[in-house]
Amino acid sequence: MVNKANTYYYEWDGKPMYMLTLYCRECGREVSFPITPEEREGLTKPNRVIQNILPHHTAAQREMIISRTCGDCWDKMFKEANK
Ligand SMILES: [Zn+2]
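Just so we're aligned, residue 4 is where the sequence shown starts under the working numbering, counting upward by one.
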């Protein structure tokens with residue numbers, strides 16, 4: 004789900020963190036949010052349930068990892084599908 008090119012290592016309050024950067028495949032918007040090294044490790048493994056890896060992130064952030072669709076585009080698609 005995530006590869007090394009998506010992540011940027013930094014330290015926050017002395018703790019190692021990764022900034023994950025993804026681009027929406029619909030509108031091209033850049034979406035970034037921090038993940039821990041453990042979460043990053045979990046995301047690089049196939050067939051993991053993302054809710055278990057990132058329980059504290061928002062549904063929109065998880066959707067970005069799963070389908071590369073940002074919250075706004077997801078809402079738009081959802082509305083279109085329910086017309
Ligand atoms: Zn979008």
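Yeah, the Cβ is synthetic: ideal placement off N, Cα and C, and Gly gets one too.
Computed from a predicted model, the values in this text were never measured in an experiment.
Reducing DSSP to helix, strand and coil, say where L46 ends up. Along the sequence shown, one-based indexing puts residue 46 at 43. If DSSP states are grouped into helix, strand and coil, L46 belongs with the helices.
In chain order, what residues have a CB nearer than 6 Å to some heavy atom of ligand 1? Ordered along the chain, residues surrounding ligand 1 are C27, E29, C30, R32, C73, D75 and C76 [Cβ under 6 Å from any heavy atom].
Delimiting residues of the alpha helix (DSSP H) encompassing E66: Counted from its first residue, the sequence shown places residue 66 at position 63. That run of the alpha helix (DSSP H) goes A62 to S70.
Cβ contact (3+ pairs, closer than 8 Å) linking the region 56 to 73 and the region 36 to 48: Using a Cβ-Cβ distance cut-off of 8 Å, the region 56 to 73 and the region 36 to 48 are in contact, since at least three pairs of beta carbons, one from each stretch, lie closer than that value.
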